[in-house]
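Presented below is the structure to which this report refers.
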Amino acid sequence: MIGIFDSGVGGLTVMKEIVKLLPEYDYLYLGDTARVPYGNRSAETVRQFSEEAVRWMFDQGVKLIIIACNTASSSALRYLQDKYLVDRGVMDRKILGVIRPTVEEAIRLGCQRVCVVGTAGTVRAGAYEKEFEKLGSKAKVYSYACPLLVPLIEENWHNKPEARMILKKYLRPVKSCNPEALILGCTHYPLMMRDFKRLMGKRVKIISSAEETAKKLVDYLKRHSEIEKLLRKERRRLFYATDDSPGFKSFAERVIGKIGKINLAEIGK
Ligand code: DGL
Numbered sequence: 000m001i002g003i004f005d006s007g008v009g010g011l012t013v014m015k016e017i018v019k020l021l022p023e024y025d026y027l028y029l030g031d032t033a034r035v036p037y038g039n040r041s042a043e044t045v046r047q048f049s050e051e052a053v054r055w056m057f058d059q060g061v062k063l064i065i066i067a068c069n070t071a072s073s074s075a076l077r078y079l080q081d082k083y084l085v086d087r088g089v090m091d092r093k094i095l096g097v098i099r100p101t102v103e104e105a106i107r108l109g110c111q112r113v114c115v116v117g118t119a120g121t122v123r124a125g126a127y128e129k130e131f132e133k134l135g136s137k138a139k140v141y142s143y144a145c146p147l148l149v150p151l152i153e154e155n156w157h158n159k160p161e162a163r164m165i166l167k168k169y170l171r172p173v174k175s176c177n178p179e180a181l182i183l184g185c186t187h188y189p190l191m192m193r194d195f196k197r198l199m200g201k202r203v204k205i206i207s208s209a210e211e212t213a214k215k216l217v218d219y220l221k222r223h224s225e226i227e228k229l230l231r232k233e234r235r236r237l238f239y240a241t242d243d244s245p246g247f248k249s250f251a252e253r254v255i256g257k258i259g260k261i262n263l264a265e266i267g268k
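Yeah, the sequence shown ends on 268 if you go by numbering that gives the first Met the number 0, and it's all consecutive.
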């Protein structure tokens, strides 16, 4: 089973892109709806919550976990990989995040000036900047937090003029950087893709971490047959949340269409 973990419902945008390209696999989605949002929390707390989620997912038989949440990928991914895979020499499980595949795409496009928008936690961690550096890129990277977008999108207010006004205000400093690309470094932002495109103009390439993660996962599975062969292909979709939150179903149906039952996951107990 492929596990997709997010702080809440936003990771469904990542799941949508992954399932579009890889429909044959079994998926388990876990949203930590009891403790969302992660974006304003400390790195330590995000690490602790993500660790509890990852442990629970492995216990459910998940072999490959995608940390769909940018905030958790920024603060917890390396820690979790080291603790659960590298240090123990584990070969039959993997944990992947959304930042590396997104940065790889910006580098592939040859971008030298890149802006990133995300939560305060993602920006504070400087995770995108670090990844560009790690991959040997000399690109200038500027990150901006847009904290009001997540609640607006979850309230389904993102098509209202008020939301567009807020986005326009957030994008003012981004535009003055004159970037070649803008990375949407948050699970929710692809739902405002049209507005990002319109406000940034045709010359700026908008890179969605959800789409890039899905594309790179296709490649990854081709290159890693040792993991691929452990994944079941019965097209099962399981949805779990840590709280019986009423918004999950309606958000999910807006993003990926009808979903079955949402199960309660008891994690961190
Ligand atoms: N999933 C988070 C992210 O992509 C956004 C929501 C939150 O703050 O938890 O960073």
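Yeah, the Cβ is synthetic: ideal placement off N, Cα and C, and Gly gets one too.
Nonlocal neighbours in the same chain, by C-beta distance under 6 angstroms from residue i, ignoring five residues either side
i: Arg112; result: Lys139, Pro178, Glu179
i: Leu11; result: Ala251, Val254, Ile255
i: Ile261; result: Phe238, Ala240, Phe247
i: Lys232; result: Glu23, Tyr24
i: Leu220; result: Glu227
i: Lys196; result: Ile205
Sequence-distant residues of its chain with Cβ nearer than 8 angstroms to residue i (five each side left out)
i: Gly259; result: Arg236, Phe238
i: Cys110; result: Ala138, Pro178, Glu179, Ala180, Lys204
i: Val13; result: Ile3, Asp5, Ile65, Ala67, Val97, Thr186, Ser208, Ala209, Thr212, Ala213
i: Ile17; result: Ile1, Ile3, Tyr26, Ile65, Thr212, Ala213, Leu216
i: Arg234; result: Pro22, Glu23, Tyr24, Asp25
i: Pro100; result: Ser208, Glu211, Thr212, Lys214, Lys215, Leu216
i: Lys15; result: Ala209, Val254, Ile255
Residue i versus the options, residue with shortest Cα-Cα distance
i: Glu23; options: Val13, Arg40, Met0; result: Met0
i: Ala105; options: Ala264, Leu84, Tyr78, Gly135; result: Gly135
i: Gly9; options: Ser175, Gly184, Asp194; result: Gly184
i: Val61; options: Glu227, Gly246, Ile261; result: Glu227
i: Asp194; options: Ile165, Leu220, Arg222, Asp218; result: Ile165
i: Ala162; options: Leu76, Gln59, Phe57, Leu198; result: Leu198
i: Arg171; options: Tyr188, Gly200, Glu154, Pro160; result: Gly200
i: Val270; options: Glu225, Glu153, Ala144, Ser224; result: Because the chain here runs from 0 to 268, residue 270 falls outside it and cannot be looked at.
i: Ala264; options: Gln59, Lys19, Leu20; result: Gln59
i: Tyr169; options: Tyr188, Asp218, Tyr219; result: Tyr188
i: Glu154; options: Ser249, Gln47, Leu76; result: Ser249
i: Glu225; options: Lys167, Lys159, Val89; result: Val89
i: Gln47; options: Tyr78, Ile182, Arg87, Asp86; result: Tyr78
i: Leu20; options: Lys257, Leu84, Asp86, Asp218; result: Asp218
Beta bridge counterpart(s) of residue i as assigned by DSSP
i: Ala180; result: Val113, Lys204
i: Ser142; result: Val115
i: Ala240; result: Gly30, Leu263
i: Leu63; result: Ile1, Lys93
Contact set for residue i: own chain, Cβ-Cβ below 7 angstroms, skip 5 residues either direction
i: His157; result: Leu151, Leu190, Met191
i: Val102; result: Tyr127, Glu130, Phe131, Leu134
i: Thr70; result: Ser6, Tyr37, Gly38, Val45, Thr118, Gly120, Thr121
i: Ile266; result: Glu51, Ala52, Trp55, Thr241
i: Leu229; result: Lys62, Asp91
i: Ala124; result: Ala42, Ser73, Ser74
i: Cys176; result: Arg112, Cys114, Tyr141
i: Leu108; result: Ala180, Lys204
Heavy atom of the ligand DGL within 7 angstroms of residue i beta-carbon
i: Cys145; result: no
i: Gly10; result: yes
i: Leu38; result: Per the sequence shown, the amino acid found at residue 38 is Gly instead of Leu. Yes, the ligand DGL has a heavy atom inside 7 angstroms of this Cβ.
i: Val53; result: no
i: Thr44; result: no
i: Gly7; result: yes
i: Asn69; result: yes
i: Cys114; result: no
i: His157; result: no
i: His187; result: yes
i: Gly117; result: yes
i: Thr241; result: no
i: Lys217; result: First, the amino acid is wrong: residue 217 is Val here, not Lys. No, the Cβ of Val217 stays beyond 7 angstroms of every heavy atom of the ligand DGL.
i: Val35; result: yes
i: Val149; result: yes
i: Thr121; result: yes
Notebook entry, point to check: How do the segment 193–204 and the segment 88–103 stand: do at least 3 beta-carbon pairs fall below 8 angstroms, yes or no?
Noted result: no
Next item on the list: Check whether the segment 31–44 touches the segment 225–244, taking contact to mean three or more Cβ pairs, one atom from each stretch, closer than 8 angstroms.
Entry: yes
Note to self: Check whether the segment 140–149 and the segment 115–122 touch, using three or more Cβ-Cβ pairs below 8 angstroms as the test.
What the structure shows: yes
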